[in-house]
Amino acid sequence: MSTIYEGDFMWDQQSRFAIVVSRFNELITDLLLAGARATLKKHGVPDDNIDVARCPGGFEVPLVARRLAASGRYSAVICLACVIRGHTSHYDHVCDAAASGVQRVSLDTGVPVIFGVLTTDSVQQAFERAGSKAGNRGADASVTALEMVNLLAQIPGSE
Ligand code: INI
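Note that our numbering has the sequence shown beginning at 22, numbered continuously upward.
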């Protein structure tokens with residue numbers, strides 16, 4: 022008999038969520054944070070079950086996420102940052118470090134660590150993805166976190 026595992030967005034009372042948010046491009050990351058919080062709240066997660074850690078930039082996000090994920094306190098860690106392309110290769114280094122770091126933390130700890138990091142060519146593109154015409158990547162990250170927690174709880178051996 023075959024099994025299909027698929028998470029829904031139900032929230033289990035014991036679940037706690039951590040959000041790591043960078044201060045770099047704070048005008049935008051504050052909007053991502055608001056979107057992430059509002060979406061968790063819409064799905065029934067009380068503020069008391071959401072902790073927030075602020076860090077300097079996207080480059081630092083994986084280390085903070087790792088500490089939070091390894092603490093055993095959180096069902097998922099949501100990572101929020103905003104990297105905007107400049108005139109040097111700095112952008113690429115920060116993006117690569119953030120993306121590979123977040124994925125590594127997730128695979129190393131077994132905790133869903135969600136990549137809600139905007140990587141855009143302009144400030145305008147970033148605002149569009151932080152609550153204006155192209156949705157809110159922070160809100161999307163919270164939906165992904167809820168689904169991943171639910172999905173992993175169904176798969177044997179995931180505890
Ligand atoms: N950090 C960001 O989160 N976004 C950026 O756009 C950015 N730019 O463009 O430089 C950025 N740089 C800082 C970096 O994340 C580190 O905080 C810094 O290099 C110290 O390690």
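Each residue gets a CB set at the ideal place from its N, CA and C atoms; glycine is no exception.
- Taking the Cβ of H108 as the reference point, every heavy atom of the ligand INI lies at 6 Å or farther away.
- Between the beta-carbon of V134 and that of V85 there is about 11 Å, and that puts the pair past the 8 Å contact cut.
- Take W32, set aside five residues on each side of it, and the residues of its chain with a beta-carbon closer than 6 Å to its own are H64, G65 and V66, in chain order.
- Put simply, the segment 70-88 touches the segment 41-60. At least three CB pairs are less than 8 Å apart.
- The beta-carbon distance between T24 and A102, rounded to whole angstroms, is 36 Å. This is too long to meet the 8 Å contact definition.
- Contact residues of the ligand INI (beta-carbon closer than 7 Å to any heavy atom; chain order) are S43, F45, N46, P77, G78, G79, F80, E81, A102, C103, V104, I105, G107, H111, Y112 and V115.
- With a threshold of 16 other beta carbon atoms within 10 Å, I176 falls short and is exposed.
- In the DSSP assignment, N157 forms a beta bridge with A151.
- With contacts defined by Cβ atoms closer than 7 Å, G137 and A162 form a contacting pair.
- In the structure shown, the three-state DSSP call for R75 is strand.
- The three-state reading of DSSP puts V132 in coil, since its state is none of H, G, I, E or B.
- Here the alpha carbons of T165 and S127 stand approximately 13 Å from one another.
- A distance below 7 Å between beta-carbons, with the five flanking residues on each side excluded, links L167 to the following residues of its chain, in chain order: F30, W32 and H64.
- The Cβ-Cβ distance between T141 and I105 falls below 7 Å.
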